[in-house]
Amino acid sequence: MPQPGQTADFFRQPLAEMIDLHHPLAVLASRLPWAQIEAALAPHFARQAREGRAVAQDDLFGPSVQVAGGAVAAAGRPRLPIRLMASLLYLKHANKLSDEELVQRWAENVVWQHFSGMRFYEPRLPCDATQIGRFRTAIGEAGVEELLKATIDTAVTSRAIGPAEFERLIVDTTVQEKAIAHPVDPRLLEIARHKVVIAAKRAGIALKQTFVREGKALRRKAGGYAHAKQFKRLKKTVKRQRTILGIVLREVGRKIKQMPQVPAEALTALHDLMQRAERIRTQQPKDKNKLYAMHAPEVECIGKGKARKPYEFGVKVSVAVTHRQGLMVGARSFTGNPYDGHTLAEQLEQVTILTEDTGRSPKQVIVDLGFRGVDAHNPGVEIIHRGKFKSLTSAHRRWLKRRQAVEPAIGHLKHDNGMDRCWLKGSMGDALHAVLCAAGYNIRWLLRAIVRLGLKGLFAPLLARLWIWAAALAMATQARRTRCGLLGWMLR
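Under UniProt numbering, the sequence shown has 303 at position 303, and the numbering climbs by one with no breaks.
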């Protein structure tokens, strides 16, 4: 990108002159603490020092040993600006977009480019879509919590919310569903057989029977029998699927022992798939720790008592919002489907860390009956629920009437910010996705607050005047150079 003062900038109009600086996203771009975000995330991308290797040399002074390649390497492609990547994560979850849709829309939207720190319009993709996932993985859970913390700090510095509001919170839990199909035995057994066969071929193992045609036919029959409620035939079909999966697993196990050499990477992947396939083959309907997807072994079956959806398959997530304004101040995933009350201490710990710059910490927490019996585990915090209704004061009862305000917040978190379905890999992906969805929710909250309060961008008029002054100076400089060149030509 050309630097300011170069000739190419003379023919390019700055984004600050192309857009309305009173647009809520443009105002938010001037109020977010980008320097704080960059300082917090930069250590994740610092180049690592290498140990180097000892090299023996023989020169005029005799034999010696020197260390080669031991400093910080300068090789490799320069990283993209941290502000650009952080703003892409904000925009992705504020608008519920996939990585591919995000980069396409960024290239067409001048306000988004201004929000990302671009000075001039760029008619190209900001990066490859896969780089967003690598950036997200590199910063980890601590990095995405910094993004969430930045939105909370912005709400305070913009006076959209008072610091005293962080003393009283509403906490509730929900389920962040994983991107898996509904787990039924016929489908799981057929996928397990198919995956094991493919992995065996990659490892160079030739199988006597793969049961490809029979496996497909059995899965189709099972679907028909289940639809027609012919459960005896369905049970017989599923039993045959378990049998052929066991045959394939035993044959692969025998062939592995007979083969002299198998690539280590392929052998590790094959053993992993065989363990999961054996779990699927032997698990029964009432078993604990069942496997619900071959590609996502971390998925759990969680029942929240909903009539429309008795069971959800994913991970439990706890969210915390302020009592009056509804700003999201915490979102955390919990593996193992713990009791709701047992998640409260860790959730309040996260909230305390994210709001430490405000000088306030949670003092009252309004919850539902799922959080009963954990007062001793949360000293210094007053837990309010309707199980204590007779002993509550009038103020407590008034606060308790707003407990259900967290429910629409969870609904928007799922419908507008993407928590309804997590596509990221593993338990770490669940944790990152929950926090980023909360950050996207806060971005939308801040945009509404900017419109409601009539906030303006910091230094926006000054920046506009500076751009006009710089453009006029460049035009005058160019005109002076043109006149001097014409005069010199005439004198010659």
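Backbone N, C-alpha and C define an ideal beta-carbon position, used for all residues, glycine too.
Residue i and residue j closer than 8 Å at C-beta
i: V148; j: V351; result: The sequence given here has Leu at residue 148, not Val. It is not a contact, given that the beta carbons lie outside the stated cut-off.
i: W106; j: P126; result: yes
i: E265; j: I244; result: no
i: A199; j: A296; result: no
i: F120; j: L25; result: no
i: A179; j: C422; result: yes
i: H323; j: W445; result: no
i: K309; j: E251; result: no
i: I161; j: Q325; result: yes
i: M294; j: I191; result: yes
i: G314; j: E177; result: yes
i: A138; j: H227; result: no
i: I384; j: H396; result: yes
i: L432; j: V111; result: no
i: V317; j: A434; result: yes
i: L28; j: L447; result: yes
i: R136; j: L80; result: no
i: V65; j: A56; result: yes
i: G117; j: L84; result: yes
i: T343; j: F166; result: no
i: T154; j: P285; result: no
i: A129; j: E100; result: yes
i: L249; j: A277; result: yes
i: T151; j: I443; result: yes
i: D172; j: V365; result: no
i: A222; j: V238; result: yes
i: P163; j: R360; result: yes
Neighbour-count burial assignment, residue i, 16 or more Cβ in a 10 Å radius
i: Y311; result: exposed
i: P186; result: buried
i: P461; result: Low confidence applies here, because P461 scores a pLDDT of 49, under 50, leaving its location unreliable; read the following figure in that light. Exposed is the call here.
i: T335; result: exposed
i: D430; result: buried
i: G76; result: exposed
i: Q113; result: buried
i: D58; result: exposed
i: S394; result: exposed
i: I450; result: buried
Length of the line joining the Cα atoms of residue i and residue j
i: L369; j: V381; result: 17 Å
i: G373; j: N337; result: 18 Å
i: P260; j: A74; result: 42 Å
i: R31; j: A42; result: 20 Å
i: V197; j: L424; result: 26 Å
i: T157; j: S87; result: 19 Å
i: A217; j: V299; result: 28 Å
i: L94; j: L102; result: Reading off the sequence shown, one finds Ala at residue 94, where the question assumed Leu. C-alpha separation (whole angstroms): 11 Å.
i: Q104; j: Q131; result: 14 Å
i: V329; j: N378; result: 18 Å
i: N417; j: K456; result: 25 Å
i: R240; j: I205; result: 24 Å
i: L188; j: E346; result: 35 Å
i: R242; j: V406; result: 45 Å
i: D20; j: I302; result: 47 Å
i: G246; j: R220; result: 20 Å
i: G305; j: P408; result: 18 Å
i: K235; j: H271; result: 29 Å
i: L97; j: G224; result: 36 Å
i: L463; j: Q36; result: Confidence is the limiting factor: at L463 the pLDDT is only 49, short of 50, which leaves the residue's position unreliable, though a coordinate-based value still follows. Cα to Cα, the separation comes out at about 21 Å.
i: R403; j: V321; result: 10 Å
i: Y339; j: G454; result: 43 Å
i: V184; j: K195; result: 17 Å
i: L291; j: S333; result: 19 Å
Residue span of the alpha helix (DSSP H) that contains residue i, given as start and end
i: C437; result: 426-453
i: L15; result: 15-18
i: P408; result: 406-415
i: V374; result: Looking at the DSSP string, V374 is not in any alpha helix (DSSP H), and its letter there is neither H nor E.
i: M85; result: 82-95
Residue i, enclosing beta strand (DSSP E) - first and last residue
i: D340; result: Taken as a continuous stretch (DSSP letters only), D340 belongs to no beta strand (DSSP E), as it is neither H nor E.
i: A54; result: 53-59
i: A320; result: 312-322
i: Q364; result: 364-366
Strand pairing of residue i, partner residues [DSSP]
i: D172; result: V319
i: R332; result: S318
i: C422; result: K178
i: residue 506; result: No information on residue 506 is available, as it lies outside the stretch 1 to 492 that the chain covers here.
i: Q66; result: V55
i: F120; result: P14
i: I383; result: V365
Below-8 Å beta-carbon distance, residue i vs any chain C residue
i: W106; result: Structure shown: chain C not included; a single protein chain is present.
heavy atom of the ligand NAD below 7 Å from residue i C-beta
i: E382; result: Absent from the structure shown: the ligand NAD. Ligands present: none.
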